[in-house]
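Novice: One structure follows; several queries about it will come next.
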Amino acid sequence: MATFALVDCNNFYASCERLFQPRLRERPVVVLSNNDGCVIARSNEAKLLGVGMGAPMFKIRKLVAEHDIAVCSSNYALYGDISERVMTVLGASAPSHEIYSIDECFLDLDRLAVPSLTDWCRLLRERTRRWTGIPVSVGVGPTKTLAKLANRLAKKSAKAGGVLDLVHHPAWIEAALRKTPVGDVWGVGRRWTVMLEERGIHTAHEFANAPDGWVRQRMGVVGLRTVHELRGFVCHALEDQPSPKQTTCCSRTFGAAIREKSQVHDAVMSYSERVAEKVRHAGQVAGAVQLFIRTDPFAQGAPQKSLSGSATFHRPTSDTREISAAVLRIFDRIWRAGYDWRKAGVLLLDLGMPGDTPASLFDRIEAPDDGLMSAIDQINARYGRGTARLGLAQKDGEWRMRRENLSPSFTTRWTDIPSARLT
DNA sequence: TCTGGGGTCCTAGGACCC
DNA sequence: TCTGGGGTCCTAGGACCC
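If you use the working numbering, the first sequence corresponds to residues 8 to 430, in order.
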């Protein structure tokens, strides 16, 4: 039988914040989204106090003050670096692994010959904690979907000790399915939860026993795969070779609503620069670009508008100058005055490797490269992002995001390295 | 006052072809 | 008056994930 493990970091962002700020270990912690908008991670204590996932900050201010909850702006430089450390430990421990997200990793344990898989998982857990400082939970199942489900129960149950193996205890599978609400199944989101519950399907067990034809009709092949995985048939294999991205994007909600064209222009140019850096970093080029701007959907009564436009490159590129010029043309074409713009984004589409496919037989000419982009990238790699820029936008503006409680980049910036003093 | 960002996959429908 | 069948490609939108 196939044996998948899912290793999931507990309250990952909150755990990262606590790593270098021991004072936070005695307080409930929440981490906020960009712009300090809403809650995206909570320590166990914060969960117990009733802070909901995704709760907007302005709705929990009272709770924060009452219980002295520590509030952190999100610090992705820190989380990304800690994630790499965790993945390194996990990757070195198992025959093969798939990094699924910043805080999750699937392991393929088929070929692992150990007397007790549960003991092995406990050791892995302990090793990860000692070597990285991050607590993790491990779920083991015959499919990825069941490994996810096992992981969730491993986290919830005190007696599981952070590990639950359903492969070597097949009798537990039915009980696990019965106690899992259908909405907590991997692949069943909000809309499908409502639809399923309306039809009397409340648990993973009931979902697993729904008729194939019905599931196929209501939820397509995606839903059917989930049902089969719950029954123990593998539909999602371990993907240990990460596939190259097809699109990449830089989008932000502005720090405030903006009416002025020049301000939106600056935001859009800044995102163009950033997204171009991203594709160059991945060694890719883009075939097309898309720009969108939109008003605030939460502003009731205000006129709503969402505009977008796209352009195809004559020859795939990763050059900030070509990308920003194309974005600027789109921007001038779609811009409408008189709205309170709140968010914008630049997407690069049809990504590929340079020289992959010539646009036509007559278009084999290599992109002229004057070395400017790589020079800028090298300067920024050494001295920090944004050191060298193209002067496409003003440095500051209303559109810049708020991050009022940002922790230092303890592990990725020399000046932020924590120091310890012996007294 | 104040509600994130970055992805993937699938499907339906239209344009177009023979 | 009469108006097929089958295929591909593209795009927009909707579902999901973290």
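Ideal Cβ placement from N, Cα and C applies to all residues, glycine included.
Under three-state DSSP, which class holds R49?
Specialist: Looking at R49 - three-state DSSP - the assignment turns out to be strand.
Novice: Going by DSSP, name the residue or residues bridged to I106.
Specialist: Paired residues: C112.
Novice: May I ask which residues mark the beginning and end of the alpha helix (DSSP H) holding I341?
Specialist: It spans 327 to 341 - the alpha helix (DSSP H) in which I341 sits, taken as one unbroken run.
Novice: Nearest to R132 by CA position, among A72, A333, S144, is which residue?
Specialist: Out of A72, A333, S144, S144 has the C-alpha closest to the C-alpha of R132.
Novice: Compare the C-alpha of A332 against each of S317, I76, L13 and name the closest.
Specialist: Checked all of S317, I76, L13; the closest Cα to A332 is S317.
Novice: Pair every Cβ in the segment 327 to 345 with every Cβ in the segment 269 to 280, then say whether three or more of these pairs are closer than 8 Å.
Specialist: Because the criterion of three Cβ pairs below 8 Å is met, the segment 327 to 345 and the segment 269 to 280 touch.
Novice: Across the segment 230 to 241 and the segment 134 to 153, are there enough close Cβ pairs to call them in contact, namely three or more that are closer than 8 Å?
Specialist: In short, these stretches touch, since the Cβ pair count reaches three.
Novice: Flag this pair as yes or no: are the beta carbons of L85 and T418 separated by less than 8 Å?
Specialist: The answer is yes: Cβ separation under 8 Å.
Novice: Straight-line CA distance for N42 to T302?
Specialist: Cα to Cα, N42 sits roughly 16 Å from T302.
Novice: From the DSSP output, in three-state form, read off H2 for me.
Specialist: Residue 2 lies beyond the stretch modelled for the chain, which goes from 8 to 430, so this question has no answer here.
Novice: Taking A154 as the reference, give the member of V121, Y107, G196 with the closest Cα.
Specialist: That would be Y107, whose Cα lies nearest to the Cα of A154.
Novice: Return the chain-ordered list of same chain residues with a C-beta closer than 6 Å to the C-beta of V14, the five sequence neighbours on each side being excluded.
Specialist: If we look at V14 and ignore the five residues flanking it on each side, its Cβ neighbours are L97, C112, V143, V145.
Novice: So, using beta-carbon positions, are V353 and V275 closer together than 8 Å?
Specialist: For V353 and V275, yes; Cβs fall inside 8 Å.
Novice: Hey, could you find the ends of the beta strand (DSSP E) I265 is sitting in?
Specialist: Looking at the DSSP string, the run of the beta strand (DSSP E) that includes I265 is 255 to 265.
Novice: Can you name, in chain order, every residue of its own chain whose Cβ lies under 8 Å from the Cβ of T210, other than the five neighbours on each side?
Specialist: These residues qualify, in order along the chain: L184, R185, K186, T187, P188, V189.
Novice: Starting from Q297 and walking both ways along the beta strand (DSSP E), at which residues does that stretch end?
Specialist: First-last of the beta strand (DSSP E) with Q297: 293 to 302.
Novice: Is the distance from the Cβ of E405 to the Cβ of G262 below 8 Å?
Specialist: Cβ distance < 8 Å, so E405 and G262 count as in contact.
Novice: Taking DSSP as the reference, what is the three-state secondary structure of S485?
Specialist: Outside the shown range of the chain (8 to 430) lies residue 485, about which nothing can therefore be said.
Novice: What does the alpha-carbon distance come out to for the pair R134 and M408?
Specialist: Spanning the two alpha carbons is a distance of roughly 38 Å.
Novice: Write down the C-beta distance between D75 and C16 rounded to the nearest angstrom, noting that I regard them as a contact closer than 8 Å.
Specialist: Wrong, their Cβ atoms sit about 25 Å apart, outside the cutoff.
Novice: CA-CA distance, L314 and R266?
Specialist: Between L314 and R266, the C-alpha separation is close to 14 Å.
Novice: For a test of the three-state rule: what should DSSP assign to M235, helix, strand or coil?
Specialist: In the sequence as presented, Met is not what sits at residue 235; that position holds His. Of the three classes helix, strand and coil, the one that applies to H235 here is helix, per DSSP.
Novice: Mapping the DSSP letters down to three states, classify W138 as helix, strand or coil.
Specialist: W138: helix per DSSP, three-state reduction.
Novice: Which same chain residues, not among the five before or five after A455, have their C-beta less than 8 Å away from its C-beta?
Specialist: Not covered by the structure: residue 455. The range shown for the chain is 8 to 430.
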